[in-house]
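Structure first, commentary second.
2 protein chains.
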Amino acid sequence: MIGQVRSFNRAVTQRVGALNDAFLSRGRPLGQARLLWEIGPAGRDVRLLRSRLDLDSGYLSRLLRSLENDGLVAVEQSQADGRVRTARLTARGRAERAELDRRSDEVATSILEPLSARQRTRLVAAMAEVERLLVASTVQVTACDPQHPHARACFQAYFSELSHRFDAGFDPARSISAGDGELTPPAGLLLVATLHGEPAGCGALKFHGDAPAEIKRMWVAPAARGLGLGRRLLTDLEAQAVARGVSILRLETNRALGEAIGLYRAAGYREVAAFNDEPYAHHWFEKTLDPGPGPAGLPARP
Amino acid sequence: MIGQVRSFNRAVTQRVGALNDAFLSRGRPLGQARLLWEIGPAGRDVRLLRSRLDLDSGYLSRLLRSLENDGLVAVEQSQADGRVRTARLTARGRAERAELDRRSDEVATSILEPLSARQRTRLVAAMAEVERLLVASTVQVTACDPQHPHARACFQAYFSELSHRFDAGFDPARSISAGDGELTPPAGLLLVATLHGEPAGCGALKFHGDAPAEIKRMWVAPAARGLGLGRRLLTDLEAQAVARGVSILRLETNRALGEAIGLYRAAGYREVAAFNDEPYAHHWFEKTLDPGPGPAGLPARP
DNA sequence: ACATTTCTCTGACTATAGTCAGAGAAATGG
DNA sequence: CCATTTCTCTGACTATAGTCAGAGAAATGT
Numbered sequence: 611m612i613g614q615v616r617s618f619n620r621a622v623t624q625r626v627g628a629l630n631d632a633f634l635s636r637g638r639p640l641g642q643a644r645l646l647w648e649i650g651p652a653g654r655d656v657r658l659l660r661s662r663l664d665l666d667s668g669y670l671s672r673l674l675r676s677l678e679n680d681g682l683v684a685v686e687q688s689q690a691d692g693r694v695r696t697a698r699l700t701a702r703g704r705a706e707r708a709e710l711d712r713r714s715d716e717v718a719t720s721i722l723e724p725l726s727a728r729q730r731t732r733l734v735a736a737m738a739e740v741e742r743l744l745v746a747s748t749v750q751v752t753a754c755d756p757q758h759p760h761a762r763a764c765f766q767a768y769f770s771e772l773s774h775r776f777d778a779g780f781d782p783a784r785s786i787s788a789g790d791g792e793l794t795p796p797a798g799l800l801l802v803a804t805l806h807g808e809p810a811g812c813g814a815l816k817f818h819g820d821a822p823a824e825i826k827r828m829w830v831a832p833a834a835r836g837l838g839l840g841r842r843l844l845t846d847l848e849a850q851a852v853a854r855g856v857s858i859l860r861l862e863t864n865r866a867l868g869e870a871i872g873l874y875r876a877a878g879y880r881e882v883a884a885f886n887d888e889p890y891a892h893h894w895f896e897k898t899l900d901p902g903p904g905p906a907g908l909p910a911r912p
Numbered sequence: 611m612i613g614q615v616r617s618f619n620r621a622v623t624q625r626v627g628a629l630n631d632a633f634l635s636r637g638r639p640l641g642q643a644r645l646l647w648e649i650g651p652a653g654r655d656v657r658l659l660r661s662r663l664d665l666d667s668g669y670l671s672r673l674l675r676s677l678e679n680d681g682l683v684a685v686e687q688s689q690a691d692g693r694v695r696t697a698r699l700t701a702r703g704r705a706e707r708a709e710l711d712r713r714s715d716e717v718a719t720s721i722l723e724p725l726s727a728r729q730r731t732r733l734v735a736a737m738a739e740v741e742r743l744l745v746a747s748t749v750q751v752t753a754c755d756p757q758h759p760h761a762r763a764c765f766q767a768y769f770s771e772l773s774h775r776f777d778a779g780f781d782p783a784r785s786i787s788a789g790d791g792e793l794t795p796p797a798g799l800l801l802v803a804t805l806h807g808e809p810a811g812c813g814a815l816k817f818h819g820d821a822p823a824e825i826k827r828m829w830v831a832p833a834a835r836g837l838g839l840g841r842r843l844l845t846d847l848e849a850q851a852v853a854r855g856v857s858i859l860r861l862e863t864n865r866a867l868g869e870a871i872g873l874y875r876a877a878g879y880r881e882v883a884a885f886n887d888e889p890y891a892h893h894w895f896e897k898t899l900d901p902g903p904g905p906a907g908l909p910a911r912p
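Structure below.
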C-alpha cells in the first residue's frame with residue numbers, strides 16, 4: 611500500500627507538477643504567476659494573500675511591487691481599515707490571468723488528448739476519487755477548547771442547522787446542557803476537525819465517572835460531507851473514551867438527522883429505550899466499547 | 611472533464627508535492643537529495659545522472675562536489691571509458707539515502723493514516739488507476755525513420771518475440787517483406803511509440819496506391835502493455851491512412867498472437883479469406899475506413 | 001489619551017537553482 | 001596520427017525564493 615502511494619507521488623509530481631510549472635511560468639516567475647492567480651478578478655486584501663500563499667510579508671510586498679511595475683496590479687488602501695491594502699488586477703493583469711487560465715486548460719488537455727474516450731472517462735473518475743480522499747486525509751482532528759473560535763463557529767453552525775431541520779426548531783436552552791465546562795477535561799472533551807485552517811466539524815464527550823459517557827455535538831460542515839468525516843470523528847471519540855477507561859457510550863438524536871442515525875447504526879450502536887428526557891430526541895443509542903490493544907504502526911480504523 | 615483534471619492537478623501538487631518536498635529536503639537542498647537518490651546503491655555514471663535528472667553538466671558537477679565534501683559520495687573514473695566518471699555512495703551516503711527512503715515512507719503513511727481501511731483501499735486503487743493512465747498519456751507516438759535506433763530496437767524485439775511465440779519460430783527473410791524503403795514515405799509509414807525516451811512500441815503501413823493498404827509491425831513492448839497502446843497505435847495508423855486517401859486496411863496475423871487478434875476484432879476488423887501467402891499467418895483481417903471529418907478540439911478517439 | 005497591536009513596507013541579507021563559456025583529458029573516425 | 005568529438009570540470013555569472021529586523025501608519029483595548 612505504502613509502495614503504491616509512493617509510486618503515485620513520484621509519477622504525479624513528475625508528470626503533473628513539471629507540466630504545470632512549465633506552462634504556468636512561461637516568461638513570468640512562478641511566484642508572480644501564483645500571486646497573480648490568487649488575487650483573482652475581484653481583488654483581494656494583501657493580508658489574505660499572505661495567509662493563503664503562506665508568504666513572508668516582506669517577500670509578498672516585493673512581489674506585489676514587481677507586478678505593479680509591470681502594470682498588472684494596482685494596490686490601494688482599504689476603506690474599512692486604513693492599515694489593510696487591497697490588490698486589484700488592472701485590465702492588463704486580467705488579460706495575463708486569463709492567459710494563465712488558458713494555459714492551465716492546455717495542460718489538462720495535453721493529459722487527456724492522447725487517451726481514448728474510455729480512458730479519459732476512467733482517468734477523470736479516478737482523479738475525482740483520489741482528490742476526494744486526499745482532501746479527506748488532509749482534514750485534521752484535534753482536541754480543542756470549547757471557547758476557541760473554531761469551536762464557537764462549529765456550535766453556531768450546528769445549532770443553526772438543527773433549528774432549520776427539526777420540525778419544532780431548536781433552542782439550545784431547552785436541550786440537555788453541554789456547556790463549555792462540561793466539554794473540557796476532565797469533565798468532557800471536544801474534538802474539532804479543520805480543513806485548510808477552517809473548522810469542518812466537531813464531536814464531543816461528556817464523562818460520567820463509571821457510568822456511560824455521552825456523545826454530544828456531532829456535526830460535519832456541509833462543505834466537508836462525503837469525506838467520511840463523521841465516521842472519523844466518531845472513531846476518534848471512541849478511542850478517547852477507551853483511553854479514559856469508558857466502557858459504554860450513549861447518545862440521543864432527532865429523527866430528522868437521517869445520515870447521523872445511519873452512521874451510528876453502521877458504527878455498531880444499537881437503539882435502546884430512552885435513557886434521558888431530551889425533548890428534541892426520538893432515538894437513543896448505546897455501544898459497548900472494546901478496550902482494545904493500544905496503538906500500532908498504522909492505527910487500525912474500522 | 612478539463613475542469614476535473616485541473617482541480618486534480620491543483621489538489622495533488624499542493625498536498626503531495628508540498629509534503630514530498632518538505633520531507634525530502636530536511637536539512638539538505640532538494641537538488642542534492644534528488645541526486646543522492648538517483649545515484650542509487652550501485653552507483654551510476656555521471657552522464658547517466660545528467661540525462662536522467664536533465665541537469666547542466668556544470669551544475670551537476672558542483673552538486674557532486676558538495677556531496678563529496680559532505681562525505682556522502684565518491685566519484686571515480688570508469689574503467690571502460692577514461693572520460694566517464696562514476697558516482698558511488700559511501701557508507702554515510704547509503705545511510706543518508708536510507709533516511710530519505712524512510713521519509714518517503716513517512717509521507718505515504720501520513721496520507722493513509724487518517725483514513726479508514728475502506729478509504730485506504732479505495733485511495734490506493736484510484737491512485738494505481740491514475741498512475742497507469744498518466745503513464746499511458748505520457749507515451750508519445752510519432753512517425754519515425756525505420757533506420758532510427760528506436761525503430762531498430764523495436765524491430766529486433768518484435769522479431770525476437772515472434773520467434774519465441776510462433777510454434778515454428780520466425781525468420782524475417784521467409785515472411786512477406788517490409789523493408790526500410792517500404793515503410794518510408796511515400797511507399798509506407800512507420801509510427802514509433804516512446805515512453806521516457808525509450809521505444810515502447812511500433813506499427814507500420816505499406817501503401818499500394820488505390821488497392822488496400824497493409825498494416826505491419828504492430829508491436830508493444832512488454833513494459834508498456836495494459837496501457838491501451840496497441841489500440842492507440844492502430845487508431846493513429848488508421849488516421850494516417852485516411853489522411854492519405856486509403857479506404858481499406860488489411861493485415862494478417864499468427865494464431866499465437868491472441869491479444870492482437872482481440873484488438874483487431876474490437877477495432878472493427880473482420881476476418882476475411884487469405885489475401886496473400888504469408889507463411890506465418892493464420893488469420894487475415896480487413897477494415898473499411900470511415901473517411902472522417904478531420905480534426906477538432908479534442909480529437910475523437912474511439 | 002496612550003500603550004499595544006496589526007498591517008505593510010523597505011533595506012540588507014542568504015541560499016538554491018541554474019546558465020554559459022571554455023579548458024583539459026580521453027576516446028574515436030578516417 | 002591527427003582532427004574531432006565526448007565527457008567532466010572550473011570560473012564567472014544571473015535569477016528566483018526566501019529570511020529577518022525594523023520603521024511608520026492605522027486601529028484597538030483600557
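Protein chains in written order, with our numbering: chain A, 611 to 912; chain B, 611 to 912.
C-beta atoms are modelled at their ideal positions from N, C-alpha and C, and glycine is treated no differently.
Where residue i falls: helix, strand or coil (DSSP)
| i | result |
| --- | --- |
| Ala798 of chain A | The displayed chain sequence assigns Gly, not Ala, to residue 798 of chain A. Reduced to three states, the DSSP call for Gly798 of chain A is strand. |
| Gly855 of chain A | coil |
| Pro782 of chain B | coil |
| Arg693 of chain B | coil |
| Arg638 of chain B | coil |
| Glu888 of chain A | coil |
| Arg712 of chain A | helix |
| Thr700 of chain A | coil |
| Ala753 of chain A | strand |
| Leu682 of chain B | coil |
| Ala803 of chain A | strand |
Whole-angstrom distance between residue j and residue i, CA atom to CA atom
| i | j | result |
| --- | --- | --- |
| Arg693 of chain A | Ser671 of chain A | 14 Å |
| Gly819 of chain A | Gly789 of chain A | 18 Å |
| Val745 of chain A | Gly813 of chain A | 19 Å |
| Gly907 of chain B | Ile721 of chain A | Confidence is the limiting factor: at Gly907 of chain B the pLDDT is only 43, short of 50, which leaves the residue's position unreliable, though a coordinate-based value still follows. Roughly 14 Å between the two C-alpha positions. |
| Leu663 of chain B | Thr863 of chain B | 41 Å |
| Val734 of chain B | Met611 of chain A | 7 Å |
| Ile786 of chain B | Arg841 of chain B | 24 Å |
| Gly855 of chain A | Asp900 of chain A | 10 Å |
| Glu848 of chain B | Leu772 of chain B | 24 Å |
| Gln687 of chain A | Glu706 of chain A | 23 Å |
| Val622 of chain B | Ala643 of chain B | 21 Å |
| Gly836 of chain A | Arg636 of chain B | 35 Å |
| Ile858 of chain A | Lys897 of chain A | 6 Å |
Among the options, nearest to residue i - alpha-carbon criterion
| i | options | result |
| --- | --- | --- |
| Gly838 of chain A | A:Thr748, A:Leu772, A:Cys754 and A:Tyr879 | A:Thr748 |
| Glu824 of chain B | B:Gly836, B:Asp711, B:Pro782 and B:Leu793 | B:Leu793 |
| Tyr879 of chain A | A:Pro889, A:Glu888 and A:His893 | A:His893 |
| Leu658 of chain B | B:Arg698, B:Arg784 and B:Val622 | B:Arg698 |
| Leu743 of chain B | A:Ala652, A:Val626 and A:Ala891 | A:Val626 |
| Tyr874 of chain A | A:Leu799, A:Leu800, A:Met828 and A:Ala853 | A:Met828 |
| Asp680 of chain B | B:Leu843, B:Arg660, B:Glu723 and B:Pro639 | B:Pro639 |
| Glu678 of chain B | B:Gln689, B:Ala690, B:Asp666 and B:Thr696 | B:Thr696 |
| Cys754 of chain B | B:Leu799, B:Ser667 and B:Ala877 | B:Leu799 |
| Asp715 of chain A | B:Thr700, B:Arg712, B:Glu888 and B:Gly613 | B:Gly613 |
| Asp666 of chain A | A:Ala690, A:Ile649, A:Gly641 and A:Gln689 | A:Gly641 |
| Gly811 of chain B | B:Ala834, B:Arg713, B:Gln729 and B:Pro822 | B:Ala834 |
| Pro809 of chain B | B:Pro795, B:His758, B:Gln624 and B:Ala797 | B:His758 |
Supposed close pair residue i, residue j - CB separation, criterion 8 Å
| i | j | result |
| --- | --- | --- |
| Arg860 of chain B | Phe885 of chain B | 6 Å |
| Phe780 of chain A | Phe769 of chain A | 6 Å |
| Ala803 of chain B | Val740 of chain A | Not a contact, Cβ separation roughly 26 Å. |
| Ala831 of chain A | Phe817 of chain A | That pair is no contact at about 26 Å. |
| Leu843 of chain A | Val751 of chain A | 6 Å |
Bounding residues of the beta strand (DSSP E) (the contiguous stretch that carries residue i)
| i | result |
| --- | --- |
| Phe895 of chain B | His893 to Thr898 |
| His760 of chain B | His760 of chain B -> not in any beta strand (DSSP E); alpha helix (DSSP H) instead, spanning Pro759 to Arg775. |
| Gln624 of chain A | It is not in any beta strand (DSSP E) - Gln624 of chain A carries neither H nor E in the DSSP assignment. |
| Leu815 of chain A | Glu808 to His818 |
| Glu869 of chain A | Careful: Glu869 of chain A lies outside any beta strand (DSSP E), inside the alpha helix (DSSP H) at Gly868 to Ala876. |
| Arg880 of chain B | Arg880 to Val882 |
Extent of the continuous alpha helix (DSSP H) run through residue i
| i | result |
| --- | --- |
| Thr748 of chain B | Ala727 to Thr748 |
| Ala823 of chain B | Run containing Ala823 of chain B: none in the alpha helix (DSSP H); it sits in the beta strand (DSSP E), Ala821 to Val830. |
| Ser787 of chain B | Segment: none, Ser787 of chain B is in no alpha helix (DSSP H) and carries neither H nor E. |
| Ser688 of chain A | Careful: Ser688 of chain A lies outside any alpha helix (DSSP H) and carries neither H nor E. |
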